[in-house]
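The block underneath contains the structure these notes are about, expressed in structure tokens.
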Amino acid sequence: MWLWILVAASFGGCAVLGNVAPHRGEKLLMPDERTSLDDCHVRFYKFYLSGQGGIGGRPARLNEFAHMGAIGWAQPDGEVAWKCGGSLIWDNFVLTAAHCAVDERNLRPDVVRFGDLNIFSPEGDETAQQIKIAEVIRHPEHRFSANYHDVALLRLERNVSINKAVVPACLWPHQEVRFKRMHAVGWGQVGFGEKQTPELLKMELSPVPSSDCEKVFNNETIRKLRSGLQEQHICASDKVADTCQGDSGGPLQVKLMHNIRETPFIVGVTSFGLPCSPDNPGVYTRVAPYLDWIVATMKKSGAPVDQQTFNTTTCAHRYVKLRDYYDAIVTKRNGSRSEIDAFRQHLITRPGLPPFVAKLGWGNGTEANDNCYGVIVDEDTVLTVADCTEFKGKQVSQIVHQERVEISNSRTSPLISRISARNESSCRISAAHLPRMRHGLAREHVCAGNDFFLVPEMCQLPAGAPLHSSVIIQSESYDTTFALTQFGRDCGYGEHLIATRLFSHVDWLKSVLLPEGGGFAGGAVQFLDPDRFEGDRCRVEVDGDGRCVPLGQCFSSGKEFAQQKVVKFCSNTRVVCCLMERIEEIKQELRRTELDECPALVRSLKPQYLTTLVTFGWRNGTSYNYRCLGSIITRNKVITTRSCLEGGKPDVVVLNEKINMFPVGDVRFHDSYNATDSSFDIALVEVSKPFTWTPYVFPNCLWTNKTHTPLVMRRIYVIDKDNLTMEHVVSKYNSDCQRQHPTQLRRSKLCVKRPSTAVEGAMCSNSGDVLLSQAADYVTYLVGLGLREPQCERWDYGTYTRMSALVGWIKSRVTG
């Protein structure tokens, strides 16, 4: 569920698939079963397209990058050679790279085109503006022989006509770049001189440390850098094989949210890099060191600008009504039009403080901390954080009720902010606050926030303010506070806030608020069958037949036992009724197999691709019919679905575009396979000669976590014959998908959805298509196998055989 917090606004058939950088959501885990109400952030997880996830190289929408311009050189035949990109930053000024000041013939550019997604066709010409360049102003310290001060301004002959399709961007004025993901934009390959796509593409990038970046470039490039990358540079990589770092001179940017809109801020200008190869970074000229030069140059040319022109809040306000809505409130995008749900917005203005919140004061004429608040918990008690009890040696002396709070500064108004809780792996704390968290998150801490960034100074986090949500008790709604804020930059947006969890201090709170004692003693509920003893058969509700065994033969750890919602004991609490399949899994887990060695093996190989997949072939005279995918899991075993092999036992397993064929030996199916509901749809295929491991041929490791599934995964599926494609999907609870599903979704199956409603259509899979999760250390885990179920065209989710639920069966067949 959402959390709310009081804040303040200060705003007026390939066998392989190219490697792709892991999405940050792949590090997050989703419980296989819903056991908590505090799961909204994973249950309804979506990608915020403004710097939040995705795989790069996607076509841009009209108006999405309304500042982007194509810089061209008129040719003798009347055509225009588009060789660089640039960013409109004023109604007659474009920011670009200094090396774009001339082309290979030493000629200056003479035209810039805005508002056009496709610069090679008449499509979209109704919004396009093509304006001649009056002056090219290169940074005075730039030299073409070196990669320093690579920044320039183009003054246009006339002002652009500002509308939704053509709007200046803002400049990021700070040396510090905190953003984990940014966008580069361009028309295809590096510069416009190479082979180009007709559409404007957006690519998502992550910053790369300078030391790592310098190792990539050749001696000639380093010679031009002389002493290496400097503070004027930013290094970033998309790690995608089929996209590049953006057009020369084009923007490296981030979109920052304010109100219900978002504004683009130019962080860097594309300077140089190694194009179109995985893991190769691009280098960008950082904008902040050149802000004074930009302002002075524009002012000298007659533009009415000063140092406040590019102030973040001033600039964000300038064209606010022309900006895009931020993704979280958009229900549907159709070209340049967006449908929104205003109830989804994350910041809501209040006329005053909530009735249960008080402001703390230090008395008239006393220097005070003006940013401390507390929660009224009864008639004479306000709860706050320890930091707010004194200021410069003086104790707090006043509680100011909401009717007495005066908002004297028109730039400041109370807000409530909608945020979501984070766990230890997904919590991001700003570098400025890390010293306060030297020992990491403790049980008393709540980490909360949103992953997208705000315009700086838009939101100030008060200390002692409540994290609260509404709780319904006997049909009445109550605002319930469960934590008090400590600190957080920009109210927890982009980098998260930390609060003190009240539950961790409940004993102390009782000693203060309940001096006579109080509370109640709870007790654990045990389900006991006194007539069943060790070795007896028993029944595990819903799941099936079991046997009474000692605890250690059913649960491999105390933690695993504690996570069970219901445990049925036999005769005493040392013997449990355990599912037969689970007993077999425990036995197999105690034995090391080739499957257990998979992660270490793959790390040592450092594979060049995301995954190695195979296809199956059935002999048809002198040729073969090929159908469905399989995943290599050991030297002589391939896993797929039984439904993939319904045409009978295949003759060959085919690797590397039908070049390498491996004869098929034994084939094994799960005994509990049910064709009606597609449960236990799995098959193991043995090859007669073993695979040889290389960086191009390697196993997919099995996902064996029995309680959690990666939140974000890659769905790899066949689109036509031999062609594979990939998209990111998110895990869903089976119970949520069950509402549409015509048969019972057993634990042997899992369901997934697309992360955004912007992509429509059914998610029907072919038998054997795969769900993968990639770790940062080269290891790719096979999480699920695609099922082609009847009626799937009617669903907005896809179903898969869950590997973790069947790992015991797989191990027994691999070693048996």
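Heads up: the sequence shown runs through residues -18 to -1, 1 to 798, numbered per mature numbering (1 follows the signal peptide of the UniProt record, and there is no 0).
Glycine included, C-beta positions come from ideal geometry on N, C-alpha and C.
Following the DSSP letters along the chain, one finds Ile276 inside the alpha helix (DSSP H) bounded by residues 273 to 282. Scanning its chain for C-beta atoms nearer than 6 Å, with the 5 sequence neighbours on each side dropped, one finds around Arg624 the residues Phe651, Tyr655, Asp663, Ala665, in chain order. Secondary structure note for Ile792: it is in no beta strand (DSSP E), and the uninterrupted alpha helix (DSSP H) holding it is 789 to 797.
Per the coordinates, the alpha-carbon of Ser253 lies some 5 Å from the alpha-carbon of Tyr266.
Your pair Val635 and Val669 checks out as a contact, with CB atoms roughly 5 Å apart and the cut at 8 Å. By the beta-carbon neighbour count (other beta carbons within 10 angstroms, threshold 16), Gly334 is exposed. Scanning Gln726, Phe247, Ala128, Phe126 for the CA closest to the CA of Met50 turns up Phe247. Taking Asp98 as reference, the option from Pro645, Arg529, Gln112 with the minimal CA-CA separation is Gln112. Counting along the chain, Trp490 sits inside the alpha helix (DSSP H) bounded by residues 488 to 495. For the stretch 57 to 101, the continuous beta strand (DSSP E) assignments of 3+ residues that do not extend past its boundaries occur at 62 to 72, 75 to 78, 93 to 96, in sequence order.
Membership of Ala147 in any alpha helix (DSSP H) is not indicated, and neither H nor E is assigned to it by DSSP. Burial of His124 is indicated by the presence of at least 16 other C-beta atoms within 10 angstroms of its C-beta.
In this structure, DSSP gives Glu186 an extended state, which the three-state scheme calls strand.
Scanning the stretch 644 to 686 for uninterrupted beta strand (DSSP E) segments of 3 residues or longer gives 665 to 669, listed from N- to C-terminal end. With contacts defined by Cβ atoms closer than 8 Å, Ile144 and Ile242 do not form a contacting pair. Sequence-distant Cβ neighbours of Ala430 in its own chain, meaning closer than 7 Å and more than five residues away, are Leu(-16), Ile401, Ser402, Ala403, Arg404, Leu449, Gly474, His478, Leu479, Ala481.
Counting only residues of its own chain and dropping the five nearest sequence neighbours on each side, Ala48 has a CB closer than 6 Å to the CB of Ala147, Val148, Val149.
Annotation: Asn293 to Pro155 spans about 7 Å, alpha carbon to alpha carbon. The Cβ atoms of Thr686 and Val796 lie no closer than 8 Å to each other.
In this structure, the straight-line span from the alpha carbon of Val94 to that of Ala116 is close to 11 Å. Assigned with DSSP and collapsed to three states, Cys536 falls in coil, not helix or strand. Assigned with DSSP and collapsed to three states, Ser717 falls in helix. Beta-bridge partners of Cys559 (DSSP): Cys530.
Non-local C-beta neighbours of Glu406 in its own chain, meaning closer than 6 Å and more than five positions away in sequence, comprise Leu423, ordered along the chain. Its chain contains Gln157, Glu213, Gln214 as the residues whose beta carbon lies nearer than 8 Å to that of Pro271, once the 5 sequence neighbours on both sides are disregarded; these appear in chain order. With distances taken between CA atoms, Gly470 lies nearest to Cys409 out of His421, Cys409, Val488.
By alpha-carbon distance to Val694, the top candidate from Val(-12), Leu10, Ile(-14) is Leu10.
When the beta-carbon positions are compared, Ala787 and Ser730 come within less than 8 Å of each other.
When C-alpha distances from Asp360 are compared across Val251, Val339, Trp490, Ala110, the shortest belongs to Val339. Membership of Val734 in any alpha helix (DSSP H) is not indicated; the residue belongs instead to the beta strand (DSSP E) covering 731 to 735. Scanning its chain for C-beta atoms nearer than 7 Å, with the 5 sequence neighbours on each side dropped, one finds around Gly250 the residues Ile216, Leu234, Tyr266, Thr267, Arg268, Val269, in chain order. The shortest C-alpha to C-alpha distance from Arg521 to any of Ser493, Arg16, Lys550 is the one to Lys550. Bridge pairing for Arg609: Phe598 [DSSP]. For secondary structure counted as the beta strand (DSSP E) over 3 or more consecutive residues, the stretch 314 to 387 holds these complete runs in sequence order: 319 to 322, 329 to 331, 339 to 343, 355 to 360, 363 to 365, 380 to 382. By DSSP's assignment, Val167 forms a beta bridge with Lys184. Across the set Glu426, Lys793, Val159, Glu244, the C-alpha of Val159 shows the shortest separation from the C-alpha of Ala414.
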